[in-house]
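*Asks:*
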Amino acid sequence: MGGEKAVVELEGRPLVRYALDALREVCDDVAVVAKRETLLPVLGGLAEVWIEPGEPRHPLTGVVHALRQAAGRPVLVVAGDLPCLDGSTLRAIASADPQGAAVVAPRVHDRLQPLCALYLPAALGALEGFDPGGRATDLVRSIGVRELAGLDPAAFLNMNRPEDLIQAAVWLSRRPARPAVRPRGR
1 MGGEKAVVEL EGRPLVRYAL DALREVCDDV AVVAKRETLL PVLGGLAEVW IEPGEPRHPL
61 TGVVHALRQA AGRPVLVVAG DLPCLDGSTL RAIASADPQG AAVVAPRVHD RLQPLCALYL
121 PAALGALEGF DPGGRATDLV RSIGVRELAG LDPAAFLNMN RPEDLIQAAV WLSRRPARPA
181 VRPRGR
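In full-length UniProt numbering, the protein residues as written are 1 to 186.
#1: Does DSSP put Met-1 in a helix, a strand or coil?
#2: How would you label Val-32, buried or exposed, when you count the other beta carbons within 10 angstroms and need 16 or more for buried?
#3: From Gly-185 to Leu-46, what does the alpha carbon distance come to, in whole angstroms?
#4: I believe Leu-34 touches Leu-85 by the beta-carbon criterion, under 8 Å. Please report the beta-carbon distance rounded to the nearest angstrom.
#5: Along the beta strand (DSSP E) that carries Ala-117, what are the first and last residues, could you check?
#6: Could you give the first and the last residue of the continuous alpha helix (DSSP H) run that contains Arg-57?
#7: Could you spell out the range, first to last residue, of the beta strand (DSSP E) harbouring residue 188?
#8: Mind checking which residues open and close the beta strand (DSSP E) that includes Val-77?
#9: Return the bridge partner residues of Pro-14 from the DSSP annotation.
#10: Determine the burial state of Ala-101: buried for a count of at least 16 other Cβ atoms within 10 Å of its Cβ, exposed for fewer.
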């Protein structure tokens, strides 16, 4: 699909709203981190928007920016194209013992998921100045990661092709409805 995934709709909702709703089940503070030119849907008070630097163009640029903005707090990172992710999966990640690692990330289908992971404050120093030519999974491994196994692989279905939207719609239709999430302060 490429392009502006945050505004691609699934069952009448922008993809990023699914990630925000799951995060709001677990986190008190929620923000969308994006480049200035990124097209985002109207968020209606569901999250702050933090504008990351224009360069480097790498998934970890947003993670580093979020860690800076979080001012010493852990950051639960979720890519905006994971509509099947739910609060219980995020709770499992957020509450896992890091065992001394700087990152807690799921391993699903034998692949590390660095864009659905808990980054502890110690990750900031290790990631600042990262090599933008490196793969996110390799960079995260190099700073120390606790890999979590046993999470539902369906939760990590990301939207890369139009047929992924169909698969996600089928999966979502079989899942119990989520409670409504209201904007903060309302």
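Glycine included, C-beta positions come from ideal geometry on N, C-alpha and C.
*Replies:* Well, looking at it:
#1: Its pLDDT being 49, under 50, Met-1 is placed unreliably in this model, and the coordinates cannot settle the point.
#2: Val-32 is buried by the Cβ-count criterion.
#3: Any reading at Gly-185 must be qualified, since the residue scores a pLDDT of 46, below 50, and its modelled position is unreliable; the value itself is stated next. Those two C-alpha atoms are separated by around 10 Å.
#4: One point to set straight first is that residue 34 is Ala, not Leu, in the sequence displayed. With 8 Å as the limit, Ala-34 and Leu-85 do not qualify as a contact, their Cβ atoms being about 18 Å apart.
#5: Per DSSP, Ala-117 belongs to the beta strand (DSSP E) from 116 to 119.
#6: First-last for Arg-57: undefined, no H or E at that position.
#7: The question about residue 188 has no answer here: the residues shown for the chain are numbered 1 through 186.
#8: First-last of the beta strand (DSSP E) with Val-77: 75 to 78.
#9: Residue pairing by DSSP places Pro-14 opposite Glu-9 in a beta bridge.
#10: Buried.
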